[in-house]
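Peer 1:
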Amino acid sequence: AQSVAQPEDQVNVAEGNPLTVKCTYSVSGNPYLFWYVQYPNRGLQFLLKYITGDNLVKGSYGFEAEFNKSQTSFHLKKPSALVSDSALYFCAVRPNNNDMRFGAGTRLTVKP
Amino acid sequence: DTGVSQNPRHKITKRGQNVTFRCDPISEHNRLYWYRQTLGQGPEFLTYFQNEAQLEKSRLLSDRFSAERPKGSFSTLEIQRTEQGDSAMYLCASSTTGGVSEAFFGQGTRLTVV
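Protein sequences appear in the order of chains A and B.
For the first sequence, the working numbering gives the first residue as 3, with consecutive numbering after it.
For the second sequence, the working numbering gives the first residue as 111, with consecutive numbering after it.
1. How would you write the range of the beta strand (DSSP E) that B:Y200 sits in, first residue to last?
2. Do B:W144 and B:T123 have their C-beta atoms within less than 8 Å of each other?
3. With a cut-off of 8 Å on the beta carbons, I'd call A:V95 and A:Y38 a contact; round off their distance for me.
4. A:F36 touches chain B at which residues, Cβ-Cβ below 8 Å?
5. What is the DSSP secondary structure of A:V85, reduced to helix, strand or coil?
6. Kindly confirm or deny that the segment 166 to 183 of chain B and the segment 198 to 211 of chain B touch, where touching means at least three C-beta pairs closer than 8 Å.
7. Taking only beta-carbon atoms, is B:E138 less than 8 Å away from chain A?
8. Assuming B:R141 contacts B:T219 (C-beta within less than 8 Å), just tell me the rounded distance between them.
9. Between B:L221 and chain A, is the shortest Cβ-Cβ distance under 8 Å, so that the two count as touching?
10. So what's A:S72 in DSSP terms, helix, strand or just coil?
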């Protein structure tokens, strides 16, 4: 089965510190991986995707993600967290370029 | 606003009633998806369309759920004989078919069954 897992329900970081939100995947074939963010009372917003090529993918709002094939991971990172980054983050995989399967989400809290 | 639009934003209904939600995708997107999201969980895939054809439907989807996209533009999701367990946020998304494209989501319809 094609799926992603987000091992942390909650991540807390101080403003200005680097942040990492973890995601591991289980897919057969080429993985198409995505990160989305969900702010309160708003729809999911696309941050970035990995299809092929460079393992480091840059996305919106200063976020980036590193694809690691040997560790089957696609962790989301940002060098310096902002309070406004506090939100719910979802990793997703798109098997066969059809529907998208989401992880359970990680709540990021950035404290001033 | 040219994003994905969902109506209504909120719906409260009594158990046993039927409800229908509407989704208007981004105009040039020929793929349309429906997801359900409950508190503390990620979106769960329900079904998706390419143009007017419903190409995939989750095996978890009860027979009480039906979706249509008659002209390949807007879509409706109907739930018949609602149950309290149907209470959730229903999300619609759309995408193109070119390459591996990301899906753009609407703000969702929050259903509460009382």
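Heads up, the beta-carbon is just placed ideally off N, CA and C, and yes, glycines get one too.
As the structure is a prediction and not an experimental result, all values here were calculated from the model.
Peer 2: A quick look at the data gives this:
1. If you number the second sequence from 1, residue 200 of chain B lands on position 90. For B:Y200, the uninterrupted beta strand (DSSP E) run begins and ends at 198 to 205, by DSSP.
2. For the purposes of this step, residue 144 of chain B is taken as the residue at position 34 of the second sequence. For the purposes of this step, residue 123 of chain B is taken as the residue at position 13 of the second sequence. No, the pair does not count as a contact, with Cβ atoms beyond the cut-off.
3. For this step, residue 95 of chain A is matched to residue 93 along the first sequence. For this step, residue 38 of chain A is matched to residue 36 along the first sequence. That belief does not hold up - the Cβ atoms of A:V95 and A:Y38 are roughly 12 Å apart, past 8 Å.
4. By one-based count along the first sequence, residue 36 of chain A stands at place 34. Residues of chain B passing the Cβ test: E212.
5. The residue labelled residue 85 of chain A in the question sits at position 83 within the first sequence. It is helical.
6. Using a Cβ-Cβ distance cut-off of 8 Å, the segment 166 to 183 of chain B and the segment 198 to 211 of chain B are not in contact, since fewer than three pairs of beta carbons, one from each stretch, lie closer than that value.
7. What you label residue 138 of chain B is simply residue 28 of the second sequence in a count that begins at 1. Output row for B:E138: interface = no.
8. Looking up residue 141 of chain B in the second sequence gives position 31. Looking up residue 219 of chain B in the second sequence gives position 109. The pair is not a contact, with the Cβ atoms about 19 Å apart (cut-off 8 Å).
9. Here residue 221 of chain B is taken as the residue at index 111 of the second sequence, counted from 1. In terms of beta-carbon proximity, B:L221 stays away from the interface with chain A, with every pair separated by 8 Å or more.
10. Here residue 72 of chain A corresponds to residue number 70 of the first sequence, with the count starting at 1. A:S72 falls in the coil class under three-state DSSP.
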